[in-house]
Amino acid sequence: MSTRLVEGGRCIDRRQVVKFQFNGKQMSGFAGDSLASALLANDQHLIGRSFKYHRPRGLVASGPEEPNGLVTVGEGPSIEPNRQATMIELYEGLTASSQNHFPSLEWDVGAVADLASRFLPAGFYYKSFMRPRRAWEFLFEPMIRRAAGLGRLPRHQDESIYEHFYVHIDLLVVGGGVAGLTVAKAAADAGARVLIVEQMPHWGGRTSVDSGMIDGIDAAEWVNQLIDELASHQQVSMLNRTTAFGVYDHSYVLALERVEDHAPISGALRQRMWRMRPKCMVIATGAIERPLCFQDNDRPGVMLASGIRDYLKNFAISTGDRTVVALNNDDGYKTAMALAKAGLEVPVILDSRRPNDGDLTQQVRDLGIKIEFGRTVSSVNQSKGRIRSVRICSQVGEGATLHEVDCESLAVSGGWSPSAHLWSQGSGKLIWDEALSAFRPDLKRPPLQDDGSHNWAFTAGAASGCLPLDQTLDDACDVARAVFKRLALSGKIVRPEVEREKAEPPASTCLSPSGIKKKARAKAWVDFQNDVKVSDLDLALQEGYMSSEHAKRYTTLGMATDQGKLSNVNGLMIMAESRGVEMSEVSPTTFRPPYTPVTLGAIAGDARGSLFKPYRKTNIDEWHDKNGAYWERVGADWRRPFCYLKDGEKVREAVDREALRVRQTVGIFDSSSLGKIWVSGPDAGRFLDMLYTGVMSTLPIGRCRYGLMCNENGFLIDDGVVARIDETSFLCHTTTGGSDYIHGWMEDWLQCEWWNWKVYTANLTEQFAQIVVAGPEARKLLGKLNISDIDAASLPFMSWADRQVGAFKTRIFRVSFSGELSFEIALPADQGAELWRQIYAAGQEFDIEPYGTEALHVLRAEKGFVMIGEETDGTVTPQDLGLDWAVSKKKNDFLGKRGQKRPCLTHSDRWKFVGLETVEARAKLPVGALALGVGLDSHGFSKSIGRVTSSYHSPILNRTIALGLVENGPQRRGDILQFSTEAGPVNARIVSPVFYDPEGTQLNA
Amino acid sequence: MLRLKCPYCGQMVDETELTPGGEAHLKRATQNSSDDELLDYLFNRRNPKGVHFERWRHTFGCGKWFVVARCTVTHEVFGVYKAQTLKPPKSVVDAIANRRGHETQESQ
Ligand SMILES: [Zn+2]
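Chains as they are written, first to last, in the numbering used here: chain C, 40 to 1044; chain V, 43 to 150.
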């Protein structure tokens, strides 16, 4: 069993008992415990089930590299899944539960997947789900959705607060171990502004865990003194519980500070995202130990040697009375010694290397621990979820058992990989170091700054591959000198005094034994979290996935939330060995951010709820809101009333009422969000002739013209009315959604193509409120407001004029998107609401109603007016929409003219604009419904010959109407087409797109 | 997130202030262009592994378009210049030649 020893534990405070719950069981630990250490103290070794095979799993590591210890924190709706037990600090009332099991952790139905594992090999997903097509939809997808995924999603909104914080510094030091702290101290003393971040709650990294002497005092004490100095240093900021998780383009670095995770307060600031571009960065992130690959190496009780040592020294945890240590490098000896010094039994150290007599070997022997050289573990025996003994074999053989040793715990060490993730994320390269038996940063190919300079990011200490303390400090001093150069600092760099260590080189295989046989390979795990075994890598190679990037994706090796911290290098070594290539020829897979998972809340920061994408509001917004507006978000982030709901009214009823009122008396509409772009200058006319398909230069002053804009492909991108204001000035109206885009589009052509043309543009969209008064009584109503000269002769259709409306100076455009007599009144934005109120008050005698965007759409569809984004989708030309009349044939050039001559756009079977009338007047065609043709298309599907682009209920016609695009549609008027809909086939007749008032009599009522 | 210098403002600005505009120095097809020339203009873009000339607009700033000479592999920036030119200015071409030598020819 795992227990708490009565003495020791440098991180825990035994006077403070902390109660918590795991899987409903009450447990207790001490302040300073991690959830992982507290679980071990309660003999809770089994912590979860594996992702694919649902194998029972226990803790392997003590830090952010832990692959198995994922738990869900919290209860009920406000849960957070997939948190690493090793990274959770224990607090009173913490509730955690294990994942990936049903119905219970101890007894899990999904574990049959383990028995059936030979049916779930690498590439299973790719192979199984191709054929038959239906099986994917009905069998595999639902099954996988239930079985796959780690944990469950929370059901409620996260109440916590997150924020982003920008910081400007000279030097970022990532990692608060001796290497990082040494560089930070030197740079700060020399005057640099330094930020040090450390992912763990404690400073000092490995050195504080492992005993040793620096400058003649205990290493942990030395670290404490240095921390005290730095904490009071004016030039230094220090953040613990903070992970620099990503290095992005041009030296952009993100770090996540877990502000309250160790003592959560509901509704308080939980995490802070630090954003920075440090002038210089030191990556002192240490190294990560690798496991060994032998049969059943995933059994609870098999742990990294460093993990066992951390639990012992930090938390006084014994992972078992007897611990066998299996290693291929020096470091694991320290675990054996720590265990022995704590009074625990180490029956044997299995050192797979040849006999050696390094310093550590001698120290271990002095403690009376037996070492078997050239030996390793072939497999473990387990019962009731715990290992009982290990089988020992020769490293070089095939795994024949030499003898068996009883133990409760097995410490493994397959070597150390420098934690150079940030170096790699910044596009620094890694190189295989044979002597180190690991990938380490290649100093010849470092991350680059935007100016091409390469001396801005450095690794220091173990992250550089300098593992022993004396080498770590040598490296830190070298890096400090490089930092001084980069930041133009000068000052002393003092190397702390430590004893030189005599280290033995590590071995470079993770396979245990080297000749591990086929059956054992199928039970030897490489990636614990994603359940990838040695045999899966064999299969990938056998099937031709030679490149590491391909094999990674095929097997999912290293693709879990731990990003392969323990598995990537082992996987590459196994594949290199199988292929018979040297590791120096293997390129490691690219490290990508984040180093450890980041909550979505932290990424969002303040940008959530109403601040996620704030609405743009017109000046009249408040009136709308008070008068029943049923809001919708429309293009360019505006909110506009979809309709105005009266008491007890349904949306559809309101829309009908509003549309009908415009046709019958008068309606008022807020069109302030309409794009308004001022285009002026001697070449303005010439410029607009290039932008619009029609001719704008000939437009007389005082007149308006409807215009279409196309991209160079010839496809329609925007439309709107252009008004000529004076000889050199035009006001171009765009769609609401298109205002910013079209202004940018104009500037693009003016700045990058016709830069010698004298044209000036300004986006005036927000400068004006615009109010539409539409309906047969519109003119009579405006007459009540003392507006003169708006009769048909003074202000004819498609003209504009400046008119005084009461106290307001306005510009009135006589245009119509409803087919009714209509006036669009523009005035300075801040006066919009007041004029609106006056018109609304005056309109009472005409039963005026405000109408929303949906009634607007109904009215325009009844008239067969196209709408950008409804009838168009980026593949529709003006000609497709029957708008040939708005495309100039005389002009030599305009944007899209050449594109429109492409054979594919002039082809006779283009889908063209039509009206669609369902045979049954109540039946409604859904937008997007396809019209069925005869026969099958090239993909073997039923041939489609058209689609519905708009569909509404028309209250004035008391039936449904639809617009659409149909192959040869205009020539097939009267034909009945069958549309496929979810509710079954619907028949509709091709008709004119103008459903209402085709003569246009209403327009001049 | 890239950080580029707007040649109009003279400021280093974050990518979030900018809008990308694709390959620079495209030659617009004329009405007499062949279908192949048109398709080239519309759809075919260089995708170099190395120095690329690309358009950016300082959308949430001065609103101006400018061109960046950037290595697509390392994000190294060799120079920025205003968009009103048919080809990169000599200073930028020289900067690339100084730092990369052989790549200049391929990129032109
Ligand atoms: Zn600018």
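Backbone N, C-alpha and C fix where the C-beta goes; we use that ideal spot for every residue, glycine too.
- Cβ proximity to chain C below 7 Å picks out Lys106, Trp107, Thr116, His117, Glu118, Val119, Ala125 and Gln126 from the stretch 106-126 of chain V.
- Closer than 8 Å at the C-beta level to chain C, one finds these residues of the stretch 68-79 of chain V: Arg70, Ala71, Thr72, Gln73, Ser75 and Asp77.
- Look at Tyr683 (chain C) here: in three-state DSSP terms it is strand.
- The residue among C:Met906, C:Asp398, C:His272 and C:Phe856 with its C-alpha nearest the C-alpha of Leu920 (chain C) is C:Met906.
- Contact with chain C is absent for Arg88 (chain V), since none of that chain's Cβ atoms lies less than 9 Å from the residue's Cβ.
- Within the same chain, Cβ atoms closer than 6 Å to the Cβ of Ser345 (chain C) are found at Glu328, the five residues on either side in sequence being excluded.
- Among the residues of chain V, those whose CB is under 7 Å from the CB of Asn931 (chain C) are Gln73, following chain order.
- Of the residues assessed, Phe651 (chain C) falls on the exposed side of the cut-off, its CB having fewer than 16 other CB atoms within 10 angstroms.
- The beta carbon of Leu46 (chain V) falls within 9 Å of a beta carbon belonging to chain C, placing the residue at that interface.
- Contact residues of ligand 1 (beta-carbon closer than 6 Å to any heavy atom; chain order) are V:Cys48, V:Tyr50, V:Cys51, V:His100, V:Gly103, V:Cys104 and V:Lys106.
- With its beta carbon less than 9 Å from one in chain C, Glu57 (chain V) belongs to the interface.
- Beta-bridge partners assigned by DSSP to Ser466 (chain C): none are found.
- Closest option to Ser137 (chain C), judged by alpha-carbon separation, among C:Gly190, C:Thr629, C:Pro303 and C:Trp662: C:Gly190.
- Burial of Asn139 (chain C) is indicated by the presence of at least 16 other C-beta atoms within 10 angstroms of its C-beta.
- Pairing Glu901 (chain C) with Gly954 (chain C), the inter-Cα distance amounts to about 9 Å.
- In the three-state reduction of the DSSP assignment, Asn1026 (chain C) falls in the strand class, which pools E and B.
- DSSP, read as helix, strand or coil, puts Val236 (chain C) in strand.
- Closest by C-alpha distance to Tyr291 (chain C), out of C:Arg479, C:Trp495 and C:Glu260, is C:Trp495.
- Taking 9 Å as the cut-off, the Cβ atoms of Phe1018 (chain C) and Val987 (chain C) count as close.
- For Gly436 (chain C), there is no enclosing alpha helix (DSSP H), as DSSP gives it neither H nor E.
- Not flagged as an interface residue toward chain V: Asn494 (chain C), since no C-beta distance is shorter than 9 Å.
- Proximity of Asp288 (chain C) to chain V, defined by a Cβ-Cβ separation below 9 Å, is satisfied.
- Annotation for Gly121 (chain V): the continuous beta strand (DSSP E) segment containing it runs Val119 to Lys124.
- Within chain V, no residue has its CB atom less than 9 Å from the CB of Glu202 (chain C), the nearest being about 17 Å off.
- DSSP lists no bridge partner for Ala223 (chain C).
- Counting only residues of its own chain and dropping the five nearest sequence neighbours on each side, Ala521 (chain C) has a CB closer than 8 Å to the CB of Asn494 and Phe497.
- The DSSP-derived three-state label of His896 (chain C) is helix.
- DSSP places Thr282 (chain C) inside the beta strand (DSSP E), whose first and last residues are Thr281 to Tyr287.
- About 4 Å separates the Cβ atoms of Arg998 (chain C) and Ala960 (chain C), confirming a contact at the 8 Å cut-off.
- Under the Cβ criterion (8 Å, minimum of three pairs), the stretch 512-529 of chain C does not count as touching the stretch 235-250 of chain C.
- If you ignore the 5 residues before and after Glu616 (chain C), its C-beta comes within less than 8 Å of the C-beta of Thr548 and Leu550, all in its own chain and listed in chain order.
- Judged by beta-carbon spacing, Trp242 (chain C) lies beyond the 9 Å limit of Thr281 (chain C), meaning their Cβ atoms are not closer than that value.
- Proximity of chain V to Tyr291 (chain C) at the Cβ level (cut-off 7 Å) is accounted for by Met43, in chain order.
- For a Cβ distance threshold of 8 Å, residue set Glu751, Asn752 and Gly938 of chain C lies close to Leu84 (chain V), ordered along the chain.
- For Tyr731 (chain C), DSSP records a beta bridge to C:Met748.
- Counting the other Cβ atoms within 10 Å of the Cβ of His782 (chain C) gives 16 or more, which makes it buried.
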